[in-house]
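S.K.: Using the UniProt record's numbering, you'd call the opening residue of the sequence shown number 1 and step up by one each time.
Where is the CB? At the ideal position from N, CA and C, for every residue including glycine.
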Amino acid sequence: MNKIYLDNAATTPLSEEVIDTMVAVLKTNYGNPSSTHSFGQEAKILLENVRREVANYLHVSPAEIIFTSCGTESNNMIIKSCVNHLGVERIITSPLEHKCVAETVLDMKKRKGVEVVYLRPDNKGDISLNDLTEALQKSDKKTLVSLMHANNEIGNLLDIKKVAEICKENNALFHSDTVQSMAHMELDFSDIKVDFASCSAHKFHGPKGSGFAFVRKSSGLKGIITGGPQERSLRAGTENVCGIAGLGKALELSVNNMEEYSSHIKEIKKYAIEQLQQKIEGVIFNGRSAEMDASLYTVLSVLLPFKDPMIGLKLDMKGIAISQGSACSSGASKPSMVMMMILDEEEMNNTTPLRVSFSHLTTKKEIDALVAALQGIAENFKIENHDIEHR
Ligand code: PLP
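Shown next, in the form of structure tokens:
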């Protein structure tokens with residue numbers, strides 16, 4: 001059975017070039033970047049080259065890039081340090097955030113007494129910027145706004161440039177979880193004035209266990225892992241040199257091929273929308289996911305017009321890997337918070353959400369196989385329902 005992978009928002013396969021780069025580093029560049037001898041200095045040079053590359057992509061200074069182990073760590077470090085070191089007493093966020101932001105915010109509420117304000121999205125999954133401005137103007141408390149750039153379940157894009165401007169006007173700090181958009185879109189942080197952002201290499205064909213935090217210069221942020229002076233004392237611990245090399249290679253490939261990859265993926269997404277609409281009666285798309293300009297092109301959130309909690313398993317048995325929401329909550333029996341926010345009760349009871357997420361490796365043939373499998377499941381469902389009604 002030829003397996004089909006349509007869960008690229010959860011993680012992506014490593015590029016061959018990334019594997020080659022990492023293997024070469026593992027074999028030859030094994031020095032500790034903090035060592036002063038030539039082995040150490042070689043590793044240090046590698047780190048600094050990748051840091052420069054990341055900084056060039058974001059139009060920022062290399063000193064503003066802190067290598068971490070993942071998106072989760074970056075988001076934790078930023079939010080916790082804003083509270084612990086920068087005097088943040090209030091966090092404005094949304095119920096659509098990834099668990100690593102949502103749980104960290106809740107932790108800060110429980111342990112540090114931080115006030116948390118949730119901006120309620122509408123049924124398209126959009127956050128109102130007027131609500132944000134109003135919330136900001138309601139209190140003088142030092143505030144952090146934490147709103148993600150591209151939603152990992154429905155793909156909605158937030159205008160982070162505008163949000164950053166509103167935050168600046170109201171003297172608030174702005175953190176954006178950019179894990180899903182990083183390396184998939186141009187991001188110019190000399191123009192988009194976010195204070196903090198996050199990245200995870202495995203979302204763009206790099207290795208797991210390698211990411212970075214963007215920390216605006218002079219923000220005063222400190223780390224949560226204490227120890228040695230690595231990463232300007234913001235993230236103690238010997239750096240994951242091979243992982244960082246993999247991140248750098250993956251970023252280079254993504255940036256150099258961004259136009260080609262994105263136009264291929266957009267075509268695949270449009271094809272998937274057309275085929276699903278033609279072949280699955282009653283299918284709709286969640287949030288802004290089917291709007292090409294308002295959503296991340298790698299994510300399509302589908303709402304099937306029947307309830308089938310086993311759908312992921314059924315597709316997996318047909319060799320198609322897909323998720324119903326984010327990978328982090330896919331093992332949970334509870335519906336995802338994002339779906340609870342945008343669907344009404346009737347929809348929740350009678351429909352099945354599916355997240356199809358693409359990469360430059362996805363083909364139209366794979367989409368055909370997915371649509372055919374879904375058609376089969378939908379047909380069976382109709383037959384079963386018909387039998388029940390006529391029993
Ligand atoms: N933020 C978003 C939006 C994500 O989609 C993910 C991963 O699913 C993360 C954060 C966490 O990233 P990592 O897996 O690197 O911890």
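Run through the DSSP bridge pairs and tell me what residue 393 is partnered with.
M.R.: The requested residue 393 is not part of the displayed model; the chain covers only 1 to 391.
S.K.: Nearest-angstrom Cα distance between C100 and A164?
M.R.: Here residue 100 refers to the residue found at position 100 when the sequence shown is read from its first residue. Here residue 164 refers to the residue found at position 164 when the sequence shown is read from its first residue. Near 21 Å, if we compare the C-alpha coordinates of A164 and C100.
S.K.: Could you pull the start and end residues of the alpha helix (DSSP H) that E89 belongs to?
M.R.: On the sequence shown, position 89 is the one that residue 89 refers to. It is not in any alpha helix (DSSP H) - E89 carries neither H nor E in the DSSP assignment.
S.K.: For S181, which residues in the same chain have their Cβ closer than 8 Å to its Cβ, ignoring the five residues on either side in sequence?
M.R.: Here residue 181 is taken as the residue at index 181 of the sequence shown, counted from 1. Here the set comprises H149, A150, L157, L187 and L296.
S.K.: Could you spell out where the alpha helix (DSSP H) holding T21 opens and where it closes?
M.R.: By one-based count along the sequence shown, residue 21 stands at place 21. Its alpha helix (DSSP H) spans residues E16 to T28.
S.K.: Please report how far the alpha carbon of D344 lies from the alpha carbon of A102, in whole angstroms.
M.R.: By one-based count along the sequence shown, residue 344 stands at place 344. By one-based count along the sequence shown, residue 102 stands at place 102. So the two alpha carbons sit approximately 22 Å from each other.
S.K.: I'd like to confirm the pairing. Which residues does DSSP put opposite T352 in its beta bridges?
M.R.: Working through the sequence shown from its first residue, we reach residue 352 at position 352. DSSP, once it has assigned bridges, lists L304 as partnering T352.
S.K.: CA-CA distance, S357 and C70?
M.R.: Position 357 of the sequence shown, counted from the first residue, corresponds to residue 357. Position 70 of the sequence shown, counted from the first residue, corresponds to residue 70. Using only the alpha carbons, I get a separation of about 20 Å.
S.K.: Around the Cβ of L313, are there at least 16 other Cβ atoms within 10 angstroms (buried) or fewer (exposed)?
M.R.: Walking along the sequence shown from the start, residue 313 turns up at place 313. Exposed is the call here.
S.K.: By Cβ distance below 7 Å, which residues in the same chain neighbour I192 in space, the five residues on each side in sequence not counted?
M.R.: The count along the sequence shown starts at 1 and reaches residue 192 at position 192. The residues are I160, K161 and A164.
S.K.: Go through the segment 209–253 residue by residue and report every complete run of the beta strand (DSSP E) that reaches 3 residues or more, in order.
M.R.: 211–215
S.K.: Quick one: residues in its chain with C-beta nearer than 7 Å to the C-beta of A213, no 5 flanking neighbours on either side, listed in chain order?
M.R.: For the purposes of this step, residue 213 is taken as the residue at position 213 of the sequence shown. Correct list, in chain order: I66, T68, S74, M77, I78, F196 and S198.
S.K.: Going straight from the alpha carbon of A373 to that of V215, what length do you get?
M.R.: Counting from one through the sequence shown, the residue named residue 373 turns up at place 373. Counting from one through the sequence shown, the residue named residue 215 turns up at place 215. Approximately 45 Å between the Cα atoms of the pair.
S.K.: Over the uninterrupted beta strand (DSSP E) stretch that includes H264, give me the two end residues.
M.R.: Translated into the one-based positions of the sequence shown, residue 264 becomes position 264. Segment M258 to K279 is the alpha helix (DSSP H) holding H264; no beta strand (DSSP E) there.
S.K.: Give a single yes or no on whether T12 has its beta carbon closer than 7 Å to a heavy atom of the ligand PLP.
M.R.: Within the sequence shown, the letter at position 12 stands for residue 12. Answer for T12: no, Cβ out of range of the ligand PLP.
S.K.: Sort out for me which residues DSSP pairs Y323 with in a bridge.
M.R.: Walking along the sequence shown from the start, residue 323 turns up at place 323. Correcting the residue identity first, residue 323 is Ser in this sequence and not Tyr. BP columns for S323 point to R355.
S.K.: Mind listing, in chain order, the continuous beta strand (DSSP E) runs of no fewer than 3 residues lying wholly within the segment 167–202?
M.R.: 173–176 and 196–200
S.K.: Is it the case that the CB of T298 approaches a heavy atom of the ligand PLP more closely than 7 Å?
M.R.: On the sequence shown, position 298 is the one that residue 298 refers to. Checking every heavy atom of the ligand PLP against the Cβ of T298, none is found closer than 7 Å.
S.K.: Taking only heavy atoms of the ligand PLP into account, decide whether any of them is closer than 7 Å to the Cβ of T104.
M.R.: Here residue 104 is taken as the residue at index 104 of the sequence shown, counted from 1. No - the ligand PLP has no heavy atom lying nearer than 7 Å to the Cβ of T104.
S.K.: Any idea if I383 is buried or exposed, counting beta-carbon neighbours within 10 angstroms, 16 or more meaning buried?
M.R.: By 1-based counting over the sequence shown, the position of residue 383 is 383. By the 10 Å Cβ count, I383 comes out exposed.
S.K.: Going by alpha carbons, who is nearest to I225 out of R235, S219 and P95?
M.R.: Start at 1 with the first residue of the sequence shown, and residue 225 comes out as number 225. Of the listed residues, the one whose Cα sits closest to I225 is R235.
S.K.: Between which two residues does the beta strand (DSSP E) carrying E115 extend?
M.R.: For the purposes of this step, residue 115 is taken as the residue at position 115 of the sequence shown. Going by DSSP, E115 is part of the beta strand (DSSP E) stretching over E115 to Y118.
S.K.: I'd like the span of the alpha helix (DSSP H) that includes T104, first residue to last.
M.R.: Locating residue 104 in the sequence shown gives position 104, counting from the first residue. Its alpha helix (DSSP H) spans residues K99 to K112.
S.K.: Can you tell me which residues form a DSSP beta bridge with Y297?
M.R.: Residue mapping note: residue 297 aligns to position 297 of the sequence shown, counting from 1. Answer is none; Y297 lacks a bridge partner.
S.K.: So, under 8 Å CB-CB, I19 and A321 are touching, yes? Tell me the CB distance rounded to an integer number of Å.
M.R.: Counted from its first residue, the sequence shown places residue 19 at position 19. Counted from its first residue, the sequence shown places residue 321 at position 321. In this structure I19 does not touch A321 by the C-beta definition: roughly 20 Å separates them, more than the 8 Å allowed.
S.K.: Identify which residue in N2, D368, N152 and N380 has its Cα closest to the Cα of Q278.
M.R.: Translated into the one-based positions of the sequence shown, residue 278 becomes position 278. If we check each option's Cα against that of Q278, D368 comes out closest.
S.K.: Go ahead and label S81 buried or exposed: buried means 16 or more other beta carbons lie within 10 angstroms of its beta carbon, across all protein chains shown.
M.R.: Indexing the sequence shown from 1 puts residue 81 at position 81. Burial call: buried.
S.K.: What does L144 pair with, by DSSP beta-bridge criteria?
M.R.: Counting from 1 along the sequence shown, the entry for residue 144 is found at position 144. Paired residue(s): I91 and L173.
S.K.: Quick one, which of L370, T11 and N380 has its alpha-carbon nearest E153's?
M.R.: Looking up residue 153 in the sequence shown gives position 153. Of the listed residues, the one whose Cα sits closest to E153 is T11.
S.K.: At which residues does the alpha helix (DSSP H) containing L315 begin and terminate?
M.R.: Taking the first residue of the sequence shown as position 1, residue 315 is located at position 315. From DSSP, the alpha helix (DSSP H) with L315 extends over I311 to M317.
S.K.: In whole angstroms, what is the alpha-carbon distance linking H264 and A55?
M.R.: Taking the sequence shown and counting its residues from 1, one reaches residue 264 at position 264. Taking the sequence shown and counting its residues from 1, one reaches residue 55 at position 55. Approximately 26 Å, taken between the alpha carbons.
S.K.: Rounding to the nearest angstrom, what Cα-Cα distance links K334 and N123 in this structure?
M.R.: Mapped onto the sequence shown, residue 334 falls at position 334. Mapped onto the sequence shown, residue 123 falls at position 123. Looking at the two C-alpha atoms, the distance is approximately 19 Å.
S.K.: For the alpha helix (DSSP H) containing I342, name the first residue and the last one.
M.R.: Within the sequence shown, residue 342 is the residue found at index 342, counting from 1. Per DSSP, I342 belongs to the alpha helix (DSSP H) from M337 to I342.
S.K.: Touching or not, the segment 295–309 and the segment 345–365, by the rule of three or more beta carbon pairs under 8 Å?
M.R.: A contact is defined here as three or more CB-CB pairs under 8 Å, and the segment 295–309 meets this definition with respect to the segment 345–365.
S.K.: Does the distance from the C-beta atom of T133 to that of A172 stay below 8 Å?
M.R.: Reading the sequence shown from its first residue, position 133 is the one you call residue 133. Reading the sequence shown from its first residue, position 172 is the one you call residue 172. Taking 8 Å as the Cβ cut-off, T133 and A172 do not qualify as a contacting pair.
S.K.: With DSSP as the reference, identify every bridge partner of Y5, one or two as the case may be.
M.R.: Position 5 of the sequence shown holds residue 5. BP columns for Y5 point to A321.
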